[in-house]
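Take the sequence shown: its position 52, counted from the start at 1, is 52 in the working numbering, and no numbers get skipped. Okay, so here's the structure we're looking at.
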Amino acid sequence: QVQLVESGGGLVQAGGSLKLSCVLSESILSINGMGWYRQAPGNQRELVASITSGTSNYADSVKGRFTISRDNAKNTVYLQMNSLKPEDTATYYCNAQRRTTWSTFDYWGQGTQVTVSS
1 QVQLVESGGG LVQAGGSLKL SCVLSESILS INGMGWYRQA PGNQRELVAS ITSGTSNYAD
61 SVKGRFTISR DNAKNTVYLQ MNSLKPEDTA TYYCNAQRRT TWSTFDYWGQ GTQVTVSS
């Protein structure tokens, strides 16, 4: 069972920046893909950014503002969020996905709150 611990959320004014961190309980190299999701009250959880060993992808709403990265030595994934907008307010969740020949396993962190004031 992979455990994920997020940190870095908080309250920031519009236009500001935050950097989220997600630390894995085991080697990130054993994971096929990592991602950051977010969920605002009344909304479905949505994918914000994802990263594999070679590529990263972003939701259109955050392209050019958010950057996902990973540090294999620290078993950590980051989400740098710049030019934050009030609509970025949500609980942000870290996700790790491990795929085998027969199954896909998803692991989630507990979430970290990001609030952007106007």
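Every residue, glycine too, gets a C-beta built ideally from N, C-alpha and C. Just so we're clear, the structure is a prediction, and the values are computed from it rather than from any experiment.
Check: Assigned secondary structure, residue 106 (DSSP; H/G/I helix, E/B strand, else coil); Outcome: strand
Check: Residue 16 versus residue 86: straight-line alpha-carbon distance, rounded; Outcome: 11 angstroms
Check: For residue 56, the nearest candidate out of 29, 70, 97 and 92 (CA to CA); Outcome: 70
Check: Residue 56 in three-state terms, based on DSSP; Outcome: strand
Check: Closest by C-alpha distance to residue 89, when choosing among 105, 113, 103 and 99; Outcome: 113
Check: Residue 37 versus residue 93 - alpha carbon distance; Outcome: 5 angstroms
Check: Residue 7 versus residue 115: straight-line alpha-carbon distance, rounded; Outcome: 14 angstroms
Check: Those runs of the beta strand (DSSP E) which lie wholly inside the segment 3-41 and span at least 3 residues; Outcome: 4-7, 10-13, 18-24 and 33-39
Check: Among 84, 26 and 95, nearest to residue 66 - alpha-carbon criterion; Outcome: 84
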